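For the sequence shown, my numbering gives the first residue as 1, with consecutive numbering after it.
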Amino acid sequence: MATLDLHSINKSFGTAKVLHDISLAINDKEFVVFVGPSGCGKSTLLRIIAGLEEATSGQIVIGGQDVSDAHPVERGISMVFQSYALYPHLSVYENIAFPLRVQKLEKTDMDARVQRAAEILQLTDKLQLKPGQLSGGQRQRVAIGRSIVRNPKVFLFDEPLSNLDAALRGDMRVELGQLHRSLEATMVYVTHDQVEAMTMADRIVVLNAGRVEQFGTPMELYHHPQTKFVASFIGQPNMNLIPATVSDVDGTGLKVTLDGGHQMVIPVDTLGVQKGDKLEVGIRPENVTLGEDGISVDISVLERLGGVSIAYGKLAGQTRFCASLPGDVNVKEGAAVTLTMAPEDCHVFDASGQVLRRKSAPALVA
């Protein structure tokens with residue numbers, strides 16, 4: 001397998017620029033996920049890596065070799081698409097073996113590669129069946145098997161689970177994770193589903209309007225989002241964003257008045273912040289609890305999911321708010337509740353959407 005390095009990748013379609021100066025360094029054997037909303041450029045970037053789309057400018061290096069101008073078959077990559085693209089008249093064996101026949105590989109070598117891929121993907125007893133006799137998940141495994149037999153340097157996946165139902169997507173996420181570990185392969189995976197990104201990735205690239213918002217581990221993005229976009233995109237349910245006004249600035253942090261009137265001091269660096277500035281305070285639904293002192297929320301919808309109850313409502317100032325509470329919580333729709341949130345769990349975003357850095361914890365004295 002190999003490393004994958006992107007240097008200042010730009011892409012324009014006519015006058016419309018869709019990728020803006022993207023540089024990434026993906027490690028050998030790493031599972032990296034490109035995630036973002038529709039139209040953010042993630043599939044275009046993947047196609048540029050594959051050689052199916054030409055970058056307007058920039059450099060692509062795979063395993064230390066510049067492949068920017070190389071034909072797709074010369075790049076050492078293999079791609080799994082959203083559609084299975086299987087040949088319905090061919091058996092599972094023949095579908096998996098097809099790229100090897102194109103390469104005119106020796107029959108014994110071809111058979112060994114197909115059998116190995118089938119064993120990894122638990123398709124050994126399906127090799128003589130036709131695609132029409134398989135389930136959706138099994139067909140996707142055949143498409144993945146067709147990639148495995150090519151022994152690529154880098155695997156590319158373009159939303160491969162989007163055509164499956166919710167339960168099967170969950171099963172396939174587990175299978176892809178196991179596949180990554182067994183192959184010890186470098187994999188790049190595109191999805192719009194942040195749950196897929198969080199559960200499978202070693203690191204995640206969050207894309208927005210053709211730009212990299214943040215590149216880090218799932219927990220880095222969850223606990224330390226650098227922008228409001230990342231904070232609201234990563235995590236389910238989405239982070240609450242509450243309009244706030246700076247009441248005071250001192251050495252302890254930022255004193256803010258939230259929409260609805262509640263005041264709190266949040267321990268963030270205050271450089272460049274002035275009294276009266278408009279900000280947004282972010283708090284994740286799972287970081288709030290019922291209490292006697294906090295924000296007042298009028299609950300309009302309560303979703304009972306068994307182990308957890310998701311409460312949706314509004315603050316007194318009409319800002320939407322969501323809280324993840326215990327499954328058997330004694331809360332009713334139409335009632336007002338008081339919710340408490342710890343200042344250290346809050347994130348503060350300035351007018352440009354950039355996070356204000358949290359104050360470092362004081363050093364422990366021995």
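A virtual CB, placed ideally from N, CA and C, is assigned to each residue, including glycine. Quick caveat, the model's predicted, so the values are computed rather than measured.
CB residue i to CB residue j, shorter than 8 Å?
{"i": "PHE155", "j": "SER78", "result": "yes"}
{"i": "GLY136", "j": "ASN163", "result": "yes"}
{"i": "ILE295", "j": "PRO237", "result": "no"}
{"i": "VAL246", "j": "GLN274", "result": "yes"}
{"i": "LYS228", "j": "LEU241", "result": "yes"}
{"i": "LEU100", "j": "ARG113", "result": "yes"}
{"i": "ALA197", "j": "THR191", "result": "yes"}
{"i": "THR338", "j": "GLU292", "result": "yes"}
{"i": "GLN59", "j": "HIS7", "result": "yes"}
{"i": "ALA2", "j": "ILE62", "result": "yes"}
{"i": "THR289", "j": "THR257", "result": "no"}
{"i": "ILE283", "j": "ASP345", "result": "yes"}
For residue i, name the three-state secondary structure that DSSP assigns.
{"i": "TYR84", "result": "coil"}
{"i": "ARG284", "result": "coil"}
{"i": "ALA197", "result": "helix"}
{"i": "GLU220", "result": "helix"}
{"i": "ILE48", "result": "helix"}
{"i": "ASP202", "result": "coil"}
{"i": "GLY58", "result": "strand"}
{"i": "HIS192", "result": "coil"}
{"i": "ALA25", "result": "strand"}
{"i": "GLU213", "result": "strand"}
{"i": "THR124", "result": "helix"}
{"i": "LYS130", "result": "coil"}
{"i": "SER38", "result": "coil"}
{"i": "SER135", "result": "coil"}
{"i": "MET239", "result": "coil"}
{"i": "ALA167", "result": "helix"}
{"i": "ALA2", "result": "coil"}
Assign residue i to one of two classes, buried (16 or more other C-beta atoms within 10 Å of its C-beta) or exposed (fewer than that).
{"i": "ASP328", "result": "exposed"}
{"i": "GLN226", "result": "buried"}
{"i": "GLN194", "result": "buried"}
{"i": "MET187", "result": "buried"}
{"i": "VAL102", "result": "exposed"}
{"i": "PHE34", "result": "buried"}
{"i": "ASP171", "result": "exposed"}
{"i": "CYS301", "result": "Contrary to the premise, residue 301 reads as Val rather than Cys in this sequence. Exposed."}
{"i": "GLU54", "result": "exposed"}
{"i": "LEU19", "result": "buried"}
{"i": "SER147", "result": "buried"}
{"i": "SER268", "result": "Checking the displayed sequence, the identity of residue 268 turns out to be Val instead of Ser. It is buried - the Cβ of VAL268 has at least 16 other Cβ atoms within 10 Å."}
{"i": "ASP259", "result": "buried"}
{"i": "SER57", "result": "exposed"}
{"i": "MET264", "result": "buried"}
{"i": "GLY317", "result": "exposed"}
Our contact map puts residue i next to residue j with C-beta atoms below 8 Å; I'd like the distance itself, whole angstroms only.
{"i": "ASP321", "j": "GLY313", "result": "Inspection of the sequence shows that residue 321 is occupied by Phe rather than by Asp. Rounded, the Cβ-Cβ distance is 6 Å, consistent with contact."}
{"i": "LEU421", "j": "PRO72", "result": "This structure cannot settle anything about residue 421, because the visible part of the chain is limited to 1 through 366."}
{"i": "VAL230", "j": "VAL281", "result": "Actually they do not touch by this definition, with Cβ atoms about 16 Å apart."}
{"i": "ILE26", "j": "LEU4", "result": "4 Å"}
{"i": "PRO149", "j": "ASN95", "result": "Before going on, a small fix: residue 149 reads as Val here, not Pro. That pair is no contact at about 10 Å."}
{"i": "SER43", "j": "ASP158", "result": "6 Å"}
{"i": "VAL297", "j": "LEU325", "result": "Not confirmed; about 11 Å, so no contact."}
{"i": "ALA201", "j": "PHE81", "result": "With a Cβ gap of about 20 Å, ALA201 and PHE81 do not count as contacting."}
So is residue i in contact with chain C if we call contact Cβ pairs under 8 Å?
{"i": "THR199", "result": "Chain labels in this structure do not include chain C; a single protein chain is all it has."}
Q. Mind pulling the beta strand (DSSP E) runs of 3 or more residues that sit fully within the region 299 to 364?
A. Under the rule that a run must span 3 or more residues, the beta strand (DSSP E) segments found entirely inside the region 299 to 364 read 308 to 315, 320 to 326, 336 to 341 and 347 to 349.
Q) At what residue ranges does the region 140 to 164 contain a whole run of the beta strand (DSSP E), taking only runs of 3 or more? A) 154 to 158
Q.
In chain order, what are the residue ranges of uninterrupted alpha helix (DSSP H) at least 4 long that sit wholly in the region 66 to 118?
A. 92 to 102
Q.
Quick check for students: name the residue ranges of the beta strand (DSSP E) that lie wholly in the region 249 to 294, counting only runs of 3 or more.
A. 253 to 258, 263 to 266 and 278 to 283
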